[in-house]
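**Student:** Just passing along the structure, written as structure tokens.
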Amino acid sequence: MDVLLLVAGGVVVFLASVLGGVTGFGFALVCTPLLLLTGFALPDVVIVNLTISGVARLFAVARLRSFVNRRRAGWLVLGCVPGLLLGLLLRDAVDDAVLKVGAGSVAVAVAAYLLFRPPAPRAADAGPPPRLQSGVAGLLGGFLGMTTSLNGPPPVILLSRQRAEPREFIADMAVYLICCNGIALALIAMSGGLELDRLGPLLAWWLPGALVGNTVGLAYGSRLPVDLFRRLTLILVMLTGLATVVTTLAGR
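Residue numbers (our numbering): 46 to 297.
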């Protein structure tokens, strides 16, 4: 593999990991379109994102385990299973260009939603999160995760609409991503799509930087002007997602 491409991908993964540590989401939203623009194939991007995102979230669970909403996180994980299976059936039947456009479009749509519809303060008498909503969000996330690695947007929208507390938000997302990504990788491996001889070197180079970036995000996220950082990040996500769509369509 070209050294410049390897370094460029490593920088993308590191920066996306810092974002993931700060916000609890956004790693795949930033990493997927940027890695696609850099020149990596979508199947490789999916596996790299699922692996790095899942491993990095272990640190978040370790630090915030007392804030996990077990009811909501459990239904998110249960819901992701049928979504992952459906995605596995369709991922080889759909053209890569269609999936790339879909991935970029999802990134733009979710970033725009979160940018222009920020969550309101949580009500003091808010009840427990509904099971059905959590299950549906998990199902949609599982499908998107298997096909594009963007399994975060549906749960992110759910948690935003339910006005989850920041630490609860990050903790629930961490549990969901660890389980969903792990199941997805297991299904990909059983279907023969996990080529460790080719992807192993990528993960070996990028995973240490990703863990450092995630640790930096977790440690210093609370010290940053979060609202401004969040807006700038979402704008970046929109731009990179749009660029992915445009370049893919232009190359057809």
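Each residue gets a CB set at the ideal place from its N, CA and C atoms; glycine is no exception.
1. With 16 as the cutoff for other CB atoms within 10 Å, does E213 come out buried or exposed?
2. Below 8 angstroms, can you find three or more Cβ-Cβ pairs linking the stretch 118-129 to the stretch 238-246?
3. Could you tell me how far apart the beta carbons of V91 and T293 are, in whole angstroms, since I believe they sit closer than 8 angstroms?
4. Flag this pair as touching only if the stretch 198-209 and the stretch 80-100 have three or more C-beta atom pairs under 8 angstroms; answer yes or no.
5. Please report the straight-line C-alpha distance between L244 and D89, rounded to a whole angstrom.
6. DSSP three-state label for N94, please.
7. Do R110 and A264 have their beta-carbon atoms positioned less than 8 angstroms apart in this structure?
8. When the Cα atoms are used, what is the spatial distance from A86 to L248?
9. Flag this pair as yes or no: are the beta carbons of V151 and T83 separated by less than 8 angstroms?
10. So the alpha helix (DSSP H) D137 belongs to, where does it begin and stop?
11. Tell me whether I233 is buried or exposed, calling it buried when 16 or more other Cβ atoms sit within 10 Å of its Cβ.
12. Could you check what DSSP says for N114 in three-state terms: helix, strand or coil?
13. Consult DSSP for D47 and reduce its assignment to one of helix, strand or coil.
14. G197 by DSSP, collapsed to three states: which one?
**Tutor:** The relevant details are as follows:
1. buried
2. no
3. Their Cβ separation, rounded to whole angstroms, is 15 angstroms, which puts V91 and T293 out of contact at 8 angstroms.
4. no
5. 7 angstroms
6. helix
7. no
8. 15 angstroms
9. no
10. Counting along the chain, D137 falls outside any alpha helix (DSSP H), and DSSP gives it neither H nor E.
11. buried
12. coil
13. coil
14. coil
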